[in-house]
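Undergrad:
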Ligand SMILES: Cc1cc2nc3c(=O)[nH]c(=O)nc-3n(C[C@H](O)[C@H](O)[C@H](O)COP(=O)(O)O)c2cc1C
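Quick look at the structure:
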């Protein structure tokens, strides 16, 4: 059951999440392709999809939105997991979530309403590890800046835990069989 992990990433952080998801799925025995979403054309070789992108100014990566809209009919009856990477938590309406977590991108709701993914996970930047830059700059990055020195693109444990859930779901017998 080949799995496609497709990502939209401007600065590389979301690519890092996609790569880690793929590693976990491979470790669980899945055959996985990881590709920038803009390079994916034919979906016929895949049985399951993990698609995600970064959030900029509240919007999902445009190539992710374009991919999901263009392939909606092919994806409708296949298992799809979505993720976004919005470390500042700014998203809908430009406001950060009160709990400091990642906000879903504005484009997600209309896509998910039709696509009905198995899950959507909003990742946010990890807590700073090691060098966090000048005093007073520890914590989450703000809109307009990338990850700070020593800051992971996303919390590795959170990514791995989410990917393991996908792996378990893929390994489970399909309903009705
Ligand atoms: C111009 C700009 C706008 C951003 N807007 C948001 C935003 O609205 N919400 C958010 O959570 N993060 C925002 N960020 C942070 C990025 O999503 C973050 O740096 C992310 O890790 C980028 O992922 P990428 O490296 O895969 O491109 C913004 C970053 C930049 C540079």
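In my numbering, the protein residues as written are 29 to 205. We put the beta carbon where it would ideally sit given N, CA and C, even for glycine. Everything numeric in this text was worked out from a predicted model, so none of it was measured.
1) The alpha helix (DSSP H) with residue 208 in it runs from where to where?
2) When you compare each of 86, 202, 56 and 90 to residue 150 by their alpha carbons, which one comes out closest?
3) Is there at least one non-hydrogen atom of ligand 1 closer than 7 Å to the beta-carbon of residue 84?
4) Buried or exposed for residue 70, going by 16 or more other Cβ atoms inside 10 Å?
5) In its own chain, which residues sit with a C-beta less than 8 Å from the C-beta of residue 54, not counting the 5 before and 5 after it?
6) By Cβ distance below 7 Å, which residues in the same chain neighbour residue 47 in space, the five residues on each side in sequence not counted?
7) Report yes if the CB atom of residue 91 is closer than 8 Å to the CB atom of residue 65, and no otherwise.
8) Measure the CB-CB distance between residue 34 and residue 93 and report whether it falls below 8 Å.
9) Given 7 Å as the limit, tell me if residue 40 has its C-beta closer than that to any heavy atom belonging to ligand 1.
10) For residue 104, is the classification buried or exposed, using 16 other Cβ atoms within 10 angstroms of its Cβ as the cut-off for buried?
11) At a cut-off of 7 Å, would you count residue 144 as near ligand 1, judging by its Cβ distance to the nearest heavy atom?
12) Quick check on the DSSP output: the alpha helix (DSSP H) that includes residue 138 runs from which residue to which?
13) Return yes when at least one heavy atom of ligand 1 lies under 7 Å from the C-beta of residue 67, else no.
14) Residue 36 lies in the beta strand (DSSP E); which residues open and close that run?
15) Could you check if residue 80 belongs to the surroundings of ligand 2, using beta carbon to heavy atom distance under 7 Å?
TA: This is what the structure holds:
1) Residue coverage of the chain in this structure runs from 29 to 205, which leaves residue 208 outside it and unanswerable.
2) 86
3) yes
4) exposed
5) 60
6) 62
7) yes
8) In this structure, residue 34 keeps its C-beta atom at 8 Å or more from the C-beta atom of residue 93.
9) yes
10) exposed
11) no
12) 136-143
13) no
14) Annotation for residue 36: the continuous beta strand (DSSP E) segment containing it runs 31-36.
15) No copy of ligand 2 occurs in the structure displayed; its ligands are ligand 1 alone.
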